[in-house]
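Q: Pasting a structure below so you can have a look.
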């Protein structure tokens, strides 16, 4: 049986709302944030670009563990249901809401199915889906690649 590791974060961008307001409106612990017009930073606080960001960005780590991504996405969608109207307001103002899913799988091939009902739930919430797929570290992934995986989610 193949091993899988899934990390999922809620990512929100907005053209002008301050990150502090977005974070205060949600009951999730924030990860990385920056405000529109401020430099983008990595997880350790190092400036990524000297060019200011054109939008506010907030991440909220939602889970990290063994298993396939569709199951993690379904659980995260359940947690987002109470915030549907807020997400709708932010999207109407030019914001974007998505789940960022980092998926590591053993071996060279992995498969999971995102059923229409789950995709419809995401659509109803106005939540997009971004998948990044990596090999598990013990399957030839070097420290640099593992570090990249950790910094993205």
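Residue numbers (my numbering): 1283 to 1435.
C-beta: ideal position from N, C-alpha, C; glycine also.
(1) Let me know the alpha helix (DSSP H) ranges lying completely inside the segment 1296–1345, each 4 residues or longer, listed in chain order.
(2) Am I right that residue 1407 and residue 1369 are in contact with their C-beta atoms under 8 Å? What's the rounded C-beta distance?
(3) Taking the DSSP output, what are the residues bridged to residue 1287?
(4) Residues in its own chain within less than 7 Å of residue 1307 by CB, not counting five upstream and five downstream?
(5) Under 8 Å by Cβ, that's how I've got residue 1341 and residue 1304 pegged, so tell me the actual separation to the nearest angstrom.
(6) How would you label residue 1294, buried or exposed, when you count the other beta carbons within 10 angstroms and need 16 or more for buried?
(7) Figure out for me which residue from 1316, 1396, 1288, 1409 has the closest Cα to the Cα of residue 1299.
(8) To the nearest whole angstrom, what separates the beta carbons of residue 1344 and residue 1290, a pair I think is in contact under 8 Å?
(9) Rounded to whole angstroms, what is the Cα-Cα separation between residue 1435 and residue 1372?
(10) Who are the near neighbours of residue 1301 in its chain, counting only those whose CB is closer than 8 Å to its CB and skipping five residues on each side?
A: Taking the geometry as given:
(1) The qualifying runs are 1301–1307.
(2) Contact between residue 1407 and residue 1369 holds: their C-beta atoms lie close to 6 Å from each other, under 8 Å.
(3) Per DSSP, 1348, 1386.
(4) 1368
(5) About 11 Å; that fails the 8 Å criterion.
(6) buried
(7) 1316
(8) 5 Å
(9) With a pLDDT of only 48 at residue 1435, under 50, the local geometry of the prediction cannot be trusted, and the value read off the model is given with reservation. Distance between the alpha carbons of residue 1435 and residue 1372: 22 Å.
(10) Here the set comprises 1312, 1315, 1316, 1317, 1338, 1339, 1340.
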